[in-house]
Each structure stands twice: as C-alpha cells, then as structure tokens.
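Numbering-wise (our numbering), the sequence shown opens with residue 1254 and increments by one.
In what follows, a single structure is set out as structure tokens and then discussed.
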Amino acid sequence: MSTTAPGATHNTLESGTFLHPFTDFAEYKNQGGKTYVRGEGIFIVDHLGNRLLDGMSGLWCTNLGYSQDSIKAAITEQLDRLPFYNSFFNCTTDSTLRLADRMTDILPEAFNHVFFTNSGSEANDTNIRLVHRYFDLLDQPQKKHIIARTNGYHGSTIGSASLGGMKGMHDQMQRLPYVHHVEQPYSFPHLGVQTAEDIGQQAAQSLADKIDELGAENVAAFIAEPIQGAGGVIIPPDNYWPLIVDICR
C-alpha cells in the first residue's frame, strides 16, 4: 500500500518501520524515502515507475548491472543444489573451494589464502583479529597499533568504523584506542600551490612520522583504500603508493 509519511512532500511506500543507515532523519521526516522495485541493466525503477540511471551501481557493487541472465542462472542453480552450509569445524562446500581457487589464480602470487565474510565491515573487523593474532604467534604481542587515513572508510561496526577516518562516525561512538590516523593524499585543495609529487611525498611522510611516534615495534598494520571511495573518490598521486610500500617494508 502506498502511504505518505508525516510532512513528506512526495508519495512513498514507507510506513516508518524501516530504519535507514547514513540518513538525515530531519530531511527524511519532511521528504520521505525513495523506494526502488526493479533493476534493468544499468537502470533502476522506483515504485512510481520512474526509470533512473544507477550511477552508483547500487552501492558500487552491482557493476555488472541488474537482472543479468547468467548471474540469475548461477544463483538459481546453487539454490537448487545447496543453498547454504557452514565453513566451521573443517567443513566447506565445493562452490566455496572453487571460488577460493579462482580468486588465488587471479590475485598476486603472495595472496594464496582466502577468508570469506558477509560484508566489508566484517572483513575489516576480522583483519584486526588476524593481524593481532599473527603477531601474538610471533611472540610480539605489543604490536597492536593500526594506522589508517583521514576520511578513509572501512565499514560501520565499532572496529571498522574506528579504522575509518570519518569524524561524523567517530562522534557517534568510542573508538578503539589502538587505531591512529594520518594524512590522506588529497591534491585538490593544494592545486597550484604544491605539485602532485609533493603532496604524495607529504602524505607518505605522515605515515613514516606516525610509525616513529608510536615505535615501529608497536605497529601491526597500515590500512588504506587504493582509491578513497566514500571519502571523496580521491586518487593518490603516482608516487604515493611506492613510497608507502617502502615505508612499510
């Protein structure tokens, strides 16, 4: 049934029971929500029949488009054969093994193991646990500090939001005390003042300085997006990542 939320300026299917993440609720109260009912290739269709180009690809994750026949067929075949089984206690499924093998085939040689999770937030929480456990097993339990970047986004759980460098998210919670943030390689504010190479050097140096401040013997990891997405789709200068690799090594 189509309803109109109190104060809303347009027709909406929402009754108010669904709690939206990353939403301005004052705006939502006045304008209502947007409801989409169908996807067709690169387009989505709302409940009023409007056909819209989905420039965000869902949340940057439907880059093959909607309603692809080959994808639907693969999902249907798997649901018919075995919709779920856990991977605990030395168990797995044949499809899980095939996917892990395929991923290691296309990844760089050093990446030869795969751990599957349900979301990016969960993956990065798991990364924290893995890196801490790794250094515990190496008898280096003091290596707990993790360095990330300002305006980075790594998820919405307490752990992954702590890794992220977004002030608005940090204001909503108590961050993990062993996560620290350094400068992002963002050139736009400095155009005409600094060269891209200088900006890359400066941002990389901020990581080196933070490692020196904390003590390399206490730092477990540096985490960063190759291109910052939610923080502004920021592409680093060409010299940035080679410098970061040298610093971490």
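Glycine included, C-beta positions come from ideal geometry on N, C-alpha and C.
- Between the alpha carbons of Arg-1502 and Ile-1476 lies a distance of about 14 Å.
- Listed in chain order, the non-local C-beta contacts of Ser-1415 below 7 Å within the same chain comprise Arg-1428, Leu-1429, Val-1432, local neighbours out to five positions each way being set aside.
- Between the stretch 1370–1384 and the stretch 1404–1412, the count of C-beta pairs closer than 8 Å reaches three or more; the two stretches touch.
- Nearest Cα to Phe-1296 within the set Asn-1303, Gly-1302, Thr-1288, Asp-1307: Asp-1307.
- It is roughly 13 Å from the alpha-carbon of Ala-1401 to the alpha-carbon of Leu-1467.
- The DSSP-derived three-state label of Leu-1360 is coil.
- Straight through space, the alpha carbons of Met-1309 and Gly-1412 are spaced by roughly 26 Å.
- Residue burial annotation: Ala-1363 is exposed, with fewer than 16 other C-beta atoms found within 10 angstroms of its C-beta.
- The Cβ atoms of Asp-1299 and Tyr-1289 sit closer than 7 Å to each other.
- Pro-1394 counts as exposed, since fewer than 16 other C-beta atoms from the protein chains shown sit within 10 angstroms of its C-beta.
- DSSP places Glu-1267 outside both helix and strand once states are collapsed to three, so it counts as coil.
- Three or more Cβ pairs closer than 8 Å define a contact, and the stretch 1416–1424 falls short of that threshold against the stretch 1447–1459.
- Taking 4 residues as the minimum length, the alpha helix (DSSP H) runs contained wholly in the stretch 1297–1328 are 1310–1313, in order along the chain.
- A straight line joining the alpha-carbon of Arg-1334 with that of Ser-1323 spans about 17 Å.
- According to the DSSP secondary-structure assignment, Arg-1402 is paired through a beta bridge with Val-1435.
- Distances from the CA of Gly-1484 to each of Gly-1294, Tyr-1439, Ala-1473, Asn-1492 were compared; the closest alpha carbon is that of Tyr-1439.
- Scanning the stretch 1413–1465 from its first residue to its last, the whole alpha helix (DSSP H) runs of 4-plus residues come out as 1420–1423.
- For Ala-1473, the CB contacts under 7 Å within the same chain, skipping 5 residues up- and downstream, are Val-1384, His-1385, Phe-1388, Lys-1396, Lys-1397, His-1398, Ile-1399 in chain order.
- Gln-1425 is classed as exposed because its beta carbon has fewer than 16 other beta carbons within 10 Å across all chains shown.
- Lys-1463 sits close to Val-1435, with the two beta carbons spaced by under 7 Å.
- For Tyr-1289, the enclosing beta strand (DSSP E) has its first and last residue at 1289–1293.
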